[in-house]
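Worksheet: one structure, shown below.
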DNA sequence: AAAGGATACAACCGCCCCACA
DNA sequence: GTGTGGGGCGGTTGTATCCTT
């Protein structure tokens, strides 16, 4: 039986205070990242090591870019998601200053909704899998079902199968087997009819016109 | 102005991967 | 080859804030 990553008793949970943030920053500034399990004790924090790591990686690191995602960033996320699936760390790795958690949250709260509105299945980026007007489902708002996503086992074979060879290359890169990989990704989208949707994406701030809602594009949006 | 619903996002949980002994 | 521990990842939850009625 695996022992827990930390002694849960006596550890703080929930939002980080300014003092805790400062302690973590100060410690890492002096000692550097790593040894997360022993870090909390050494830094005088009553936190789980994982919690410290997450806080640092996602919010305290000096090179983190905060604020809204630019349109080109959003486009890139969509493209990379079509290529890689829910491999947020890989996607975030190609967005300088963005973290996997931030990309994941942005996908779930903004992009996924947007794609659904456009009649695109956010899971496979194909058209017509989703109705343009999803029927309301009587579930809790934060549940995955409310976003038309069924609960599934972690790293299902289905999910893995969806990942392309290119994704495998990215895995290789991460593990150091490939020194450098240029995907050659650009922000450009295919020409009509798919660019019609792209235009719509850019024009769709929040309100869809009835004309847009009635539109159904005949082919796959991003990748063929 | 108040209540309820919707949304955004910070944080936690638990599983998996990998290095190392 | 196997077991173990540390770190990383993706899924999920909790809650603060915003929006609508």
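Residue numbers (the UniProt record's numbering): 1 to 224. Cβ coordinates follow ideal geometry from the N, Cα and C atoms, glycine included.
Taking the Cα of residue 11 as reference, the smallest distance to any Cα among 47, 101, 124 and 54 is reached at 47. For residue 78, the uninterrupted alpha helix (DSSP H) run begins and ends at 71–84, by DSSP. The stretch 57–66 and the stretch 88–102 touch, with no fewer than 3 CB-CB distances between them shorter than 8 Å. Proximity to residue 57 across 89, 74, 78 and 73 peaks at 89, based on C-alpha coordinates. Residue burial annotation: residue 109 is exposed, with fewer than 16 other C-beta atoms found within 10 angstroms of its C-beta. Three or more Cβ pairs closer than 8 Å define a contact, and the stretch 32–52 falls short of that threshold against the stretch 74–91. Closest in C-alpha terms to residue 25, from the list 75, 73 and 54, comes 54.
Within its own chain, the residues whose Cβ lies closer than 7 Å to the Cβ of residue 39, once the five positions on either side in sequence are excluded, are 27, 49 and 52, listed in chain order. Cβ-Cβ distances below 6 Å link residue 92 to 98, 99, 100 and 103 in the same chain, with the five nearest sequence neighbours on each side left out; the list follows chain order.
Our two residues, residue 21 and residue 45, have alpha carbons roughly 9 Å apart in a direct line. Judged by DSSP in its simplified three-state form, residue 64 adopts coil rather than helix or strand. When DSSP states are grouped into helix, strand and coil, residue 54 belongs to the helix group.
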